[in-house]
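Below is one structure, written out as structure tokens; comments come after it.
Residue numbers (the working numbering), protein chains in the order written: chain A, 47 to 428; chain B, 47 to 428; chain C, 47 to 428; chain D, 47 to 428.
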């Protein structure tokens, strides 16, 4: 695994736990953790349960005891690491967004396809697909329970930078993060919307904004210096604070999206609502064990949004864990991801979401940026 | 009063009830009801409590025992009736949207200003301003409790025409209704957003759609024939089924709007959420007695969206009714409207929302239509 | 009508409104309002729309232009007025609880039965039966949608006397009110539970408490002096502040009840939840337009409590008012009551809840008081 | 660890995960798993990550490489194993309820106290104390934010045996489980109520019921044969299906409790609501990351139950995991338990809840059973 910050910790928990709950065909061994600082990486490896340490990810890729490379670094390094790993014959799980640019994502998708022909698998870690409630939503749509889709409204609302004194961390710098709310959390709702509906966005009209343009400099929590952080010095925020866009789905529905880190009181509100001719769905990650479903085929007197507690044995992934009503949390989505990835490797099939799926999201993000820069004009996704 | 359908019934209940709950300076007398069919109008007058009947609204305006004219007809007749009434020295309460076109609305606003100089008052019936929870939301924003506003997301979701077999009523015909979801319910969320924030929309980018383009012909419930409704005959839907738009508010916030009659399971979900630097608000008319408020100035460990039951004596309008927790319903918003209108007439002040406010909404709707017709291009509101 | 305080105001609104919304067979005329103070009663009559005034309820009963007597006074006067009115051949609508003692209630039930033989009707105003959501709950149970009932948990939570400085109003004095939370709000949940389940309570075990035993004296809001209220003087609270009881229903279900005015933050939370072998229901008056229904016959993966917005044309009472999603409020329950009462009078049938139903509730309350006074011992309702 | 069924799996996940998230002073080594069937135990050990296996728990206690014994068996074996382990100088974590009888629990508490004098620690696994939201509730009460407590209403609602065809598993047999809903889930709400309020129950009045008295025989999921399960054979349910009780807390509040497995649609609804003079709290485990808090010291116009998402760094346990809004699940409560247990062992302090706390709960359950058997008569807890 490359990287041991937030994503590294949650991925480690997934690798550590998967076998106790799922009958996986491959027993993962947590072999090597890679990070730039030897001291810090060693400490993280001890806490997280990795057997060895490398300070250069290239060494990690060269090792024979590594068959799977899990990339948990910021987006600017994804392409280089992933392509090298795939070309070295390692299966790759890569954090989202796939890359910081469409060009990088295209190169990665090409590498993934090339690797797949040699039986080497790749997957992009849009973990929200594997929230049981989201997977159930996808199933209900696929089964036709919603009929013809009319509306998707998706939002990803956080508030962690609402305070103008919050420092200029790497996620607020275009060179590291590629974009702001758009790429970090907007990518999740784009992928989720496309996954749940089984349709793709054909075009968008967009608006972005940076509310706070100067912020105090700060040592980044991931160890990336944001600059020489003298007292009171500030730096420029070079990414969007919020992105709004509207689009059309390939099946004819209208969709709206909003990604922001300025929605005070909303902590991790990854929400969507979908209206179809036969029913509707609503989800909010802040209540991740619930899916709301309205069955419009029932008599009107009987109908209403029902709160399905997605913890039944028959629900996606849920049966492997605890009895009904005993909820799951954030990290379980990664355990499900790892489980499906291991199964795909063993079965010799391509796991999903693929790098091509990641590229598709990247193209939507690029269209959003183009539209926002061009008076919100309608911009096809290509 | 002119018109006795849905709006006529609810306005009648307001006129009938206002004095029992509010110490109004003018005691309204329900003098004359006007409608085209004498028989039907007389029956409605008996049920609704009107003393006399006219089949021509022009006669109603001429009567000396009429000082206030309340216009509850479809939008295409508003301008003619309102201008005539104002010029005849009658105070006018007019249903929303103010008119079907900007030109009509402008003429009405001019007439209203002319009348105001003679002490004749006018008001447009955006009743949702007088939901106690919405009025409380406006108060909290005005008091600075939300700080600098960042986001407004407003939706008005209904589902009454989701079924393609629902007939072609007057609200689905451009000649009668002016527009579809946009003017009927979109106008409400535009007015509400501008009212609550105290800011105006400066520009928009929009998308509209008509999902079902042909519908069975039908005798309209208001008695307006939609055409010769032979068995199986259909007619063209000439208005939007749904409208989405994004905009910027004069204070710098981003706003998104969605009006649709295809959101299955949502019956009258007039919802908004507002995020500011110091707090956030959320409202849904389907739970009209509740306002959700997040106070971001509290310690993070203590904070969260709180459900304020807007039924306390200190809440707008609520004290006149029942003890705390004994909720109000839809019609009460009209009673509040009538009360404020009577007070303004007695005090010789201009009630709000004025025809100028109605015109402002109309201009937003026009900008939405222009943007939607021009590839969602950013369109200033003017 | 006798009494013009809180209940008088809401009953007046019902009489005033019923004809505009329901096609009632009798057109009510608001003839005479009775109250002790001539001046106050006249003022109330003007505001509430009553044509004449009497300062002695006995005169009101004697009048030929009065056919219906609506009793909105405190419980200690119900028996005398109701029996006199019934014996004088007037139809009687009486506020709840029916009386302050079982003996009075028995006498009233006897009088009601005697009157019924002469075609004179009587009804006790347990208005919550006519919340559309509660009436729908009753219908679902009656249709067998819940199967065999296992559990009822009912609560009526308010907080208006949580502050020890709140004064000693008449509702806190046993001589006027009979009991405290038990009779005032506990009676509602007992009646509602029996109504919705169609079963009766066969026995109870109870606990009551008075948390604040001394309170400042105060002129009662209804004009009933609570004593000579000198500065700082206090008086004894002679009723319960809270009552808890458990019981068994005639069909075998277990039931729990709690009535309190000390549940801070709960304003008028008249709540119940019912679990049956085939489904469950939940209701809270603070969200009065919603009924939550779990259909246990659905596949587990699909099931969950659904929020039925009880505003559809097919729902009890709702169709007479506004389109779906346009909620009703507290007062509408009284309009429904009056409508059903008028229909029963015209049809020559006995309206429900009858005085016998009111007596049945009274017997439960008496059993609660006996059990609470006898170490919570199981006490049959008789 | 002894036992590898439901509780064994979740405890294993806790031991496996604790070090990656908490800076525990002792690094736990998952040494030995004990179970009766060698084959099954070995398979479980491989999946769950235990290094060795014993088929006799007595051997496990004898091993030198075991310092901590974690007891995850049914209640009938707790006393014997726990006392033996404590006497052998092993720290003991024991699943709840502490025992099946007060006598056993007393012996265990004595053994725990004896062991504590030698520095050997013991803890009973009432895991719900360590839901962050429940721990926060306790903190708010302890800080005085609720003022004087008036009401506690606690419920634990499940529905897994609502179907009469559900088989006679060990949890439905008195010899194995001690009692039914009462001991299994009622014990949780008793402990939680006492923990959160910091008060003890002084007496109770109770009602219990067994709705379905005969059930099909079945091989128990934990490998305990429920009898020779021939086709169509049934056996007697010897425990309660549901238990209701009311009580008084040592600080003067009234409390009500309900434990049932027949509440259709409620999967794991461990709920409580607490009303104090200055505020109120509400919690439902089905939404385990939320605590609802009403601050009654705020102006009435501003107040309401707020939904605190208990995922902030300053919340109990939450900071060790993920960023705000990224919820936790059921198993995390056990990780927190293990973390606190390890810290107490290292610090030489007595962890909480102690065996004495477990005994206190047991005494409440015993009083409930006595009251239920004696006409719900008030029964002091002793």
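Glycine included, each C-beta is placed from N, C-alpha and C at the ideal position.
**OP:** Out of 344(D), 68(D), 228(D), state which residue places its alpha-carbon closest to the alpha-carbon of residue 416(D).
**Re:** 228(D)
**OP:** Report yes or no: do the stretch 384-399 of chain B and the stretch 380-387 of chain D share at least 3 C-beta pairs separated by less than 8 Å?
**Re:** no
Original post:
Apart from the five residues on each side of it in sequence, which residues of its chain come closer than 6 Å, Cβ to Cβ, to residue 59(A)?
Top reply: 377
Original post:
So residue 289(B) packs on residue 254(B), CB below 8 Å; how close in whole Å?
Top reply: 5 Å
Subject >> Start-end ranges of the beta strand (DSSP E) lying completely within the stretch 175-220 of chain C, minimum 3 residues >> reply: 195-203
Original post:
In terms of residue numbering, what span does the beta strand (DSSP E) encompassing residue 327(C) cover?
Top reply: 325-330
**OP:** Can you say whether residue 187(D) is buried or exposed, counting buried as having 16 or more other CB atoms within 10 angstroms of its CB?
**Re:** buried
**OP:** With DSSP as the reference, please indicate the residues paired to residue 414(C) in a beta bridge.
**Re:** DSSP lists no partner for residue 414(C).
Original post:
Do you know whose CA, among 297(D), 249(D), 236(D), lies nearest residue 403(D)'s CA?
Top reply: 236(D)
Original post:
How would you list, in chain order, the residues of chain A whose beta-carbon sits under 8 Å from the beta-carbon of residue 371(D)?
Top reply: 204, 312, 313, 314, 315, 331, 332
Original post:
At a Cβ cut of 7 Å, what residues of the stretch 190-223 of chain A count as close to chain B, listed as they run along the chain?
Top reply: 196, 197, 199, 208
Subject >> Complete alpha helix (DSSP H) runs within the stretch 104-145 of chain D (minimum length 4 residues, chain order) >> reply: 124-133
Original post:
So what does residue 341(D) bridge to, in DSSP terms?
Top reply: 325(D)
Subject >> Close Cβ partners of residue 49(C) (< 6 Å) along its chain, the five nearest in sequence each way excluded >> reply: 118, 119
**OP:** Kindly indicate which three-state DSSP category residue 87(D) falls into: helix, strand or coil?
**Re:** helix
Subject >> Backbone CA spacing between residue 65(B) and residue 353(A) [nearest angstrom] >> reply: 43 Å
**OP:** For the stretch 286-301 of chain B and the stretch 331-350 of chain C, state whether three or more C-beta atom pairs, one from each stretch, are separated by less than 8 Å.
**Re:** no
Original post:
Using the beta-carbon of each residue, which ones in chain C are nearer than 7 Å to residue 321(D)?
Top reply: 308, 309, 310
Original post:
Using a C-beta to C-beta distance shorter than 8 Å, which residues of chain C count as neighbours of residue 255(D)?
Top reply: 300
Original post:
Would the beta-carbon of residue 309(B) fall within 9 Å of that of residue 146(A)?
Top reply: no
**OP:** Tell me whether residue 97(C) is buried or exposed, calling it buried when 16 or more other Cβ atoms sit within 10 Å of its Cβ.
**Re:** exposed
Subject >> Which of helix, strand or coil DSSP assigns to residue 159(D) >> reply: helix
Original post:
Closest Cβ-Cβ distance between residue 291(D) and chain C: below 9 Å?
Top reply: yes
Original post:
What in chain A is Cβ-close to residue 343(D), meaning under 7 Å?
Top reply: In chain order: nothing, as chain A lies at least about 21 Å away.
**OP:** With 9 Å as the threshold, decide whether the Cβ of residue 121(C) is near any Cβ in chain A.
**Re:** no
Original post:
Alpha carbon to alpha carbon, what distance is there between residue 242(D) and residue 185(D)?
Top reply: 8 Å
Original post:
Is the Cβ-Cβ distance between residue 368(D) and residue 52(A) less than 9 Å?
Top reply: yes
Original post:
DSSP state of residue 247(A), grouped into three classes?
Top reply: strand
Original post:
Taking 9 Å as the CB-CB limit, is residue 181(D) close to chain B?
Top reply: no
Original post:
Which residues, in order along the stretch 374-394 of chain C, keep a beta-carbon less than 9 Å from a beta-carbon of chain B?
Top reply: 374, 375, 376, 377, 378
Subject >> Cutoff 8 Å; reference residue 77(D); Cβ partners in own chain excluding five residues on either side >> reply: 96, 97, 98, 109, 111, 112
**OP:** Whole angstroms is fine: what's the gap from residue 195(C)'s alpha carbon to residue 323(C)'s?
**Re:** 6 Å
Subject >> Inter-residue spacing [alpha-carbon to alpha-carbon] between residue 293(D) and residue 350(B) >> reply: 32 Å
Original post:
Which chain C residues sit within Cβ distance under 7 Å of residue 65(B)?
Top reply: 93
**OP:** Could you tell me if residue 260(C) is buried or exposed, where buried requires 16 or more neighbouring beta carbons within 10 angstroms of its beta carbon?
**Re:** exposed
**OP:** Counting only the same chain and skipping the five closest in sequence on each side, list residues whose C-beta sits under 6 Å from that of residue 340(D).
**Re:** 325, 326, 351
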